[in-house]
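**Student:**
Chains as they are written, first to last, in the working numbering: chain A, 201 to 406; chain B, 877 to 1000.
Put into structure tokens, the structure is as follows:
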């Protein structure tokens, strides 16, 4: 029996796989809400530095610069937003049987994902070198937990998109199976909208 | 019934409508880029090197930033995640937990602020 016939058999008349991914995304909203609220309530409550936006001198006389670097993260944010645009074009191609369009834009999305992960790895490494770890203070604990979980989601999204890319290259993603790419794209967009919230809350608000 | 409604895709998704065109996706991308630039510009004129260029806008910084962020969130959800065209059930499944999430963030913030202000609370 075809995928479409299965879809028609559901009580809602909607594709159960799509309903499942939306339900999962809904649960993820609450997951990230708990992490964001933890970051918000611990904001500006750290007793020792380094701090995100202010310089700090330790009792031993060691000077710490403000740790957040806005330009780098702005670039990462822009790339993630563009990746959402790219993946929606890949889906557009997939739904219309335009294999070249699907593969091209999917490849661009994956590259954007790698750029964002690279940005985050650089940022985390840089912060550790500047003296901020998970154990340093409340900012470090809540920052690394929140952005680390987001980065993990991005990594999972990249792996998911790579599997779609391989299927597309093998010609195993015809228009009637474009729902598979649509689910991956929905997850990717969700990762993007979570960052849309994290970026101003963590990096721009003092 | 429209011509679209007889295609296999629409037989499988009877409550869903045609997704936007690439032109619409491009327009949304441009708006998203502009909103992100506005966020960073707002930070620059509030706390950055150009702080004070437009007077003291610190009181409105957070509300404006949250509005810009909400606008970006809505644009991605409506157009890129196709909630504007897809079944309202998907919107409900997404928005209901989103409301709970927002309530959790606000409630925890208020609770901790109260604890800090009136109970002399030190977070340990």
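Where is the CB? At the ideal position from N, CA and C, for every residue including glycine.
Predicted model only: the values in this text are computed from it and were never measured.
#1: To be precise: take each residue of the region 976-987 of chain B, compare its Cβ to all Cβ atoms of chain A, and keep it if any distance is under 9 Å. Which residues remain?
#2: So, are the CB atoms of residue 218/A and residue 376/A less than 8 Å apart?
#3: Compare the Cα-Cα distances from residue 970/B to each of 385/A, 379/A, 223/A and report the closest residue.
#4: Mind listing, in chain order, the continuous beta strand (DSSP E) runs of no fewer than 3 residues lying wholly within the region 281-354 of chain A?
#5: Cα-Cα, which of 243/A, 210/A, 274/A, 233/A is closest to residue 910/B?
#6: Is the separation between the beta-carbon of residue 227/A and that of residue 388/A shorter than 8 Å?
#7: With a threshold of 7 Å on Cβ separation, who are the neighbours of residue 327/A within its own chain once the five nearest residues in sequence on each side are excluded?
#8: For residue 991/B, which beta-bridge partners are listed by DSSP?
#9: Kindly indicate the opening and closing residues of the alpha helix (DSSP H) around residue 403/A.
#10: Report the rounded CA-to-CA distance for residue 311/A versus residue 270/A, giving the unit in angstroms.
#11: Quick check on this structure: which residue in 321/A, 221/A, 366/A, 315/A has the alpha carbon closest to the alpha carbon of residue 347/A?
#12: Excluding sequence positions up to five away, which residues of its chain have a Cβ less than 6 Å from the Cβ of residue 933/B?
#13: Could you confirm whether any beta carbon from chain A is found closer than 8 Å to the beta carbon of residue 907/B?
#14: Quick one: which chain A residues come within Cβ less than 9 Å of residue 974/B?
#15: So, does the CB of residue 948/B fall closer than 8 Å to a CB anywhere in chain A?
#16: Are the beta-carbon atoms of residue 396/A and residue 948/B separated by less than 8 Å?
#17: Helix or strand or just coil, what does DSSP make of residue 937/B?
#18: Find the nearest neighbour of residue 980/B within the set 349/A, 336/A, 331/A, 240/A, judged by alpha-carbon distance.
#19: DSSP on residue 947/B, reduced to helix/strand/coil?
#20: So with CB distances below 8 Å, who are the chain A contacts of residue 966/B?
#21: At 9 Å on the CB atoms, spell out the chain B contacts of residue 300/A, in chain order.
#22: What does DSSP give as the partner residues of residue 895/B in its beta bridges?
#23: Could you tell me the alpha carbon to alpha carbon distance between residue 942/B and residue 237/A, rounded to whole angstroms?
#24: Residue 368/A and residue 302/A look like a contact to me (Cβ under 8 Å); what is the Cβ gap, rounded to whole Å?
#25: Using C-beta distances below 7 Å, list every residue in its chain close to residue 907/B, excluding the 5 sequence neighbours before and after it, in chain order.
#26: Inspect the beta-carbon positions of residue 976/B and residue 230/A and report whether they are closer than 8 Å.
#27: Check residue 389/A in the structure and name its three-state DSSP category.
#28: Could you give the DSSP three-state label for residue 257/A: helix, strand or coil?
#29: Is the distance from the Cβ of residue 306/A to the Cβ of residue 365/A below 8 Å?
**Tutor:** Once the coordinates are examined:
#1: Taking 9 Å as the upper bound on Cβ-Cβ separation, chain A lies near residues 976, 977, 978, 979, 980, 981, 982, 983, 984, 985, 987 of the region 976-987 of chain B.
#2: As a position in the first chain, residue 218/A is number 18, starting the count at 1. As a position in the first chain, residue 376/A is number 176, starting the count at 1. No, Cβ-Cβ distance for residue 218/A and residue 376/A is not below 8 Å.
#3: Residue 970/B sits at position 94 when you count from the first residue of the second chain. Comparing Cα positions, the closest option is 223/A.
#4: Correct list: empty.
#5: Here residue 910/B corresponds to residue number 34 of the second chain, with the count starting at 1. When 243/A, 210/A, 274/A, 233/A are compared, the shortest CA-CA separation from residue 910/B is found for 274/A.
#6: Taking the first chain and counting its residues from 1, the one referred to as residue 227/A is at position 27. Taking the first chain and counting its residues from 1, the one referred to as residue 388/A is at position 188. Not closer than 8 Å, so no.
#7: As a position in the first chain, residue 327/A is number 127, starting the count at 1. Around residue 327/A, the same chain offers 267 as residues with beta carbons nearer than 7 Å, after the five sequence neighbours per side are excluded.
#8: Counted from its first residue, the second chain places residue 991/B at position 115. Beta-bridge analysis with DSSP links residue 991/B to no other residue.
#9: Mapped onto the first chain, residue 403/A falls at position 203. From DSSP, residue 403/A is part of no alpha helix (DSSP H); its letter is neither H nor E.
#10: As a working note, residue 311/A is residue 111 in the first chain. As a working note, residue 270/A is residue 70 in the first chain. About 22 Å.
#11: The residue labelled residue 347/A in the question sits at position 147 within the first chain. Ranking 321/A, 221/A, 366/A, 315/A by CA distance to the CA of residue 347/A puts 321/A first.
#12: Within the second chain, residue 933/B is the residue found at index 57, counting from 1. Same-chain partners within the cutoff: 922.
#13: Residue 907/B sits at position 31 when you count from the first residue of the second chain. Answer no: the Cβ-Cβ gap between residue 907/B and chain A never drops below 8 Å.
#14: Locating residue 974/B in the second chain gives position 98, counting from the first residue. Per Cβ cutoff of 9 Å: 226, 229, 230, 233.
#15: To locate residue 948/B, count along the second chain from 1; it is residue 72. The Cβ of residue 948/B sits closer than 8 Å to at least one Cβ of chain A.
#16: Position 196 of the first chain, counted from the start, is the residue given in the question as residue 396/A. Position 72 of the second chain, counted from the start, is the residue given in the question as residue 948/B. Yes.
#17: On the second chain, residue 937/B is found 61 positions in, with the first residue counted as 1. In this structure, DSSP gives residue 937/B a helical state, which the three-state scheme calls helix.
#18: Stepping through the second chain from its first residue, residue 980/B is reached at position 104. Comparing alpha-carbon positions, the option among 349/A, 336/A, 331/A, 240/A lying closest to residue 980/B turns out to be 240/A.
#19: Residue numbering aside, residue 947/B sits at position 71 when the second chain is read from its first letter. Correct three-state label for residue 947/B: helix.
#20: Indexing the second chain from 1 puts residue 966/B at position 90. Neighbours of residue 966/B in chain A, taken as residues at a C-beta separation under 8 Å, are given in chain order as 214, 218, 219, 222.
#21: What you label residue 300/A is simply residue 100 of the first chain in a count that begins at 1. What residue 300/A touches in chain B: nothing, since even the nearest Cβ is about 14 Å away.
#22: Here residue 895/B is taken as the residue at index 19 of the second chain, counted from 1. DSSP, once it has assigned bridges, lists no residue as partnering residue 895/B.
#23: Taking the first residue of the second chain as 1, we reach residue 942/B at position 66. Taking the first residue of the first chain as 1, we reach residue 237/A at position 37. Straight-line measurement puts the Cα of residue 237/A at about 15 Å from the Cα of residue 942/B.
#24: For the purposes of this step, residue 368/A is identified with residue 168 of the first chain, where counting begins at 1. For the purposes of this step, residue 302/A is identified with residue 102 of the first chain, where counting begins at 1. Yes, residue 368/A and residue 302/A are in contact; Cβ-Cβ is about 5 Å, under 8 Å.
#25: Within the second chain, numbered from 1, the residue matching residue 907/B stands at position 31. Residues of the same chain with a CB within less than 7 Å of the CB of residue 907/B, apart from the 5 flanking positions on each side, are 951 in chain order.
#26: The sequence position of residue 976/B within the second chain is 100, counting from 1. The sequence position of residue 230/A within the first chain is 30, counting from 1. Contact: yes.
#27: Along the first chain, read from residue 1 onward, the residue named residue 389/A stands at position 189. It is helical.
#28: Position 57 of the first chain, counted from the first residue, corresponds to residue 257/A. Strand.
#29: In the first chain, residue 306/A corresponds to position 106, counting from 1. In the first chain, residue 365/A corresponds to position 165, counting from 1. Taking 8 Å as the Cβ cut-off, residue 306/A and residue 365/A qualify as a contacting pair.
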